[in-house]
Amino acid sequence: MLLRRCGTDALLVEVDSLTEVAAVRAALQGLPGIEELVPAARTVLVKGALTEVRKVLEDVDLTEVPAAHPREVTIPVTYDGPDLDLVARTAGITPDEVVKLHTQASYEVAFCGFAPGFGYLTGLPEVLRQPRLDSPRTKVPRGSVGIAGEFTAAYPRATPGGWRLIGRTEITLFDPGAETPALLQPGDLVRFVVA
Amino acid sequence: MSRTVTIVRTGPQALVQDLGRPGHAHLGVPPSGAVDPHSLKLANRLVGNREGAACLELLLGGLAVRAGASCTAAVTGPSVEVRVNGALADSHHPLHLGAGDVLEIGTPRTGLRSYLALSGGVDVPEELGSRSTDLLSGIGPDPLRDDDVLPLGSPGPACGADVVPPHHAPHRLQLPLRLGPRDDWFADAETQLRRGSWTVSDRSNRVGARLHGTALTRRDGEIPSEGMVTGAVQVPPDGQPVVFLNDHPTTGGYPVIGVVDHDHLRFLGQARPGTVVTFRPVG
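Those protein sequence lines, which keep their order, are chains A and P.
Sequential numbering from 4 applies to the first sequence in this note's numbering.
Sequential numbering from 4 applies to the second sequence in this note's numbering.
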């Protein structure tokens, strides 16, 4: 674990894996005085309460993610994405088997970024871990469900994007006017079901 | 008469801004808010609002509004010509508007952004605790258009006459900066920053101030996306730095050589294209 200075009031905590990211995030969550706590692929950005933060990090056990009570979210998906056949071919299986694999796995929101409410979900079955498209789409429709590398995600709104799209959901992923604006938050458990 | 103002003319860009919505970066939501919060707070104080009330942030002035009811207005930021019903009035000073009065704001002689506070504050609905327009994410009200009608909140107690100094936008800016978190991607980051010189590019916006000048030499490659703070100096492969302002993305994959001290970012937010920028690595 490496602590990197980030201006006068923030630290970038660098670790070696998503599991360690989750451990750091869980250890710091709820600490009074923290203004921002932003997990990412190999880092956690923390702003505020740096003296307390350093104290907590001295004793943190990176191998153990403290048992939390994560929220469970179910996302209904219509599996008719434009890249479903490509994903099936790349994996050497049928489109139906892609759907079965994608819906049987259990996912966790590792972090959010790219756009409000865009959650990077880990837990993707090995054969579905596939590269991005060679050429990104200029517009990925809102609700598109895609895969890229070790992650799967649903697009909260129409944006450019290079993920392989396997389906779409009607569920609202981000509503800035709602009391809980983002459907997905770091640490949440997610399942996809056939709509 | 209803407590509203009607936009007669927006000028180049008119946005609703308050102090933004920090604390939501883990959801991918940028902080947003006024890029010159100091000027926004002063404008609010002049009209008797709490400091964080929503104002209009104007890029290069040019706005005209018509009051729907009696209210107090104040314009801050750089020195700028202000007229009420065509007659010259003062910026940086409270102005009384009667129902039907038209307030016009000229083009500031220096700087970029003027702030118009109205008594009661602009009372559009909050999103994630703020009324700010986030141009990157599309959160908050749309950029204002001609004929938009904006509701005002209930005014506070009348304030005494007051005056504040205008923002002075210098031709050269020296920005104090803390090295890191990724200064190890650069050979002698401190010397490179100290010796370099840049100008503010005309491709700058509320997302970031793009700088043009000395190419910073860095390692090739990208970092897995990581959290970004306002003021982060991100260096893409071409070596031309971008300083993140209020509507910056919450994560990014280019190395951040240093972070500009928060209190100095407003000067960058007021810096016109062509302004010379240097960095002073400290501590």
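The C-beta atom is built at its ideal place from N, Cα and C for all residues, glycine as well.
Given that residue i touches chain P, what residues does it touch there, using C-beta distances under 8 Å?
| i | result |
| --- | --- |
| A/Phe-121 | Gly-31 |
Using the rule of at least 16 other Cβ atoms within 10 Å of the residue's Cβ for burial, across every protein chain shown, is residue i buried or exposed?
| i | result |
| --- | --- |
| P/Glu-225 | exposed |
| P/Asp-21 | buried |
| P/Arg-198 | exposed |
| A/Gln-211 | Since the first residue of chain A shown is 4 and the last is 198, residue 211 of chain A is not available in this structure. |
| P/Ser-200 | exposed |
| P/Leu-115 | buried |
| P/Ala-192 | buried |
| A/Thr-81 | exposed |
| A/Pro-42 | buried |
| P/Gln-287 | Nothing can be reported for residue 287 of chain P: it is not among the residues displayed for chain P, which extend from 4 to 286. |
| A/His-72 | exposed |
| P/Asn-88 | exposed |
| P/Thr-287 | Because chain P in this structure spans residues 4 to 286, residue 287 of chain P falls outside the shown range and cannot be described. |
| P/Arg-222 | exposed |
| P/Arg-6 | buried |
| P/Arg-213 | buried |
| P/Gly-107 | The sequence given here places Glu at residue 107 of chain P; Gly does not occur at that position. Buried, since its Cβ has 16 or more Cβ neighbours within 10 Å. |
What is the residue span of the beta strand (DSSP E) that residue i lies within?
| i | result |
| --- | --- |
| P/Gln-177 | 175 to 182 |
| P/Ala-192 | Per DSSP, P/Ala-192 belongs to no beta strand (DSSP E); it is in the alpha helix (DSSP H), 192 to 198. |
| A/Val-27 | Counting along the chain, A/Val-27 falls outside any beta strand (DSSP E), though it belongs to the alpha helix (DSSP H) covering 21 to 31. |
| P/Gly-211 | 211 to 216 |
| P/Arg-69 | 67 to 70 |
| A/Leu-89 | It is not in any beta strand (DSSP E) - A/Leu-89 instead sits in the alpha helix (DSSP H) that spans 87 to 94. |
| P/Arg-12 | 7 to 12 |
Starting from residue i, follow the alpha helix (DSSP H) in both directions and report where the run begins and ends.
| i | result |
| --- | --- |
| A/Gly-190 | Counting along the chain, A/Gly-190 falls outside any alpha helix (DSSP H), and DSSP gives it neither H nor E. |
| P/Ser-42 | 40 to 49 |
| A/Thr-54 | 53 to 61 |
| P/Arg-269 | 268 to 272 |
| A/Pro-98 | 98 to 107 |
Could you confirm whether any beta carbon from chain A is found closer than 7 Å to the beta carbon of residue i?
| i | result |
| --- | --- |
| P/Pro-184 | yes |
| P/Ile-10 | no |
| P/Leu-131 | yes |
| P/Arg-269 | no |
| P/Val-262 | yes |
| P/Pro-111 | no |
| P/Pro-258 | no |
| P/Pro-81 | no |
| P/Pro-227 | yes |
Whose Cβ in chain A lies nearer than 8 Å to the Cβ of residue i?
| i | result |
| --- | --- |
| P/Glu-54 | Residues of chain A passing the Cβ test: none, with the nearest at roughly 18 Å. |
Could you work out which residues of chain P lie near residue i, taking near to mean beta carbons separated by less than 9 Å?
| i | result |
| --- | --- |
| A/Glu-39 | Pro-25, Gly-26, His-27, Ala-28, His-29, Pro-34, Gly-230, Val-232 and Thr-253 |
| A/Pro-42 | His-29 and Gly-230 |
| A/Pro-184 | His-27, Leu-30, Val-32, Glu-130, Leu-131 and Ile-142 |
Going by DSSP, which residues form a beta bridge with residue i?
| i | result |
| --- | --- |
| A/Thr-162 | A/Val-143 |
| P/Pro-81 | P/His-170 |
| P/Trp-201 | P/Gly-216 and P/Val-280 |
Starting from the beta carbon of residue i, find every residue of chain A whose beta carbon is closer than 9 Å, and list them in chain order.
| i | result |
| --- | --- |
| P/Pro-128 | Gly-180 |
| P/Arg-181 | Arg-8, Cys-9, Gly-10 and Thr-11 |
| P/His-265 | Gly-10, Thr-11 and Asp-12 |
Anything in chain A within Cβ reach of residue i, meaning under 7 Å, just list it in chain order.
| i | result |
| --- | --- |
| P/Ser-140 | Ala-118 and Pro-119 |
Using a Cβ-Cβ distance under 7 Å, would residue i count as near chain P?
| i | result |
| --- | --- |
| A/Arg-74 | no |
| A/Thr-54 | no |
| A/Leu-6 | no |
| A/Ala-13 | yes |
| A/Lys-45 | A small correction: the amino acid at residue 45 of chain A is Arg; Lys does not occupy that position in the sequence shown. Closer than 7 Å: yes. |
| A/Gly-146 | no |
| A/Ala-108 | no |
| A/Gly-95 | no |
| A/Ala-151 | no |
| A/Ala-30 | no |
| A/Val-139 | Looking at the sequence shown, residue 139 of chain A is not Val but Pro. No, because no Cβ of chain P sits closer than 7 Å to the Cβ of A/Pro-139. |
| A/Pro-189 | yes |
| A/Pro-134 | no |
So which residues of chain P does residue i contact, with C-beta pairs closer than 7 Å?
| i | result |
| --- | --- |
| A/Lys-50 | Val-232 |
| A/Leu-34 | Residues of chain P passing the Cβ test: none, with the nearest at roughly 14 Å. |
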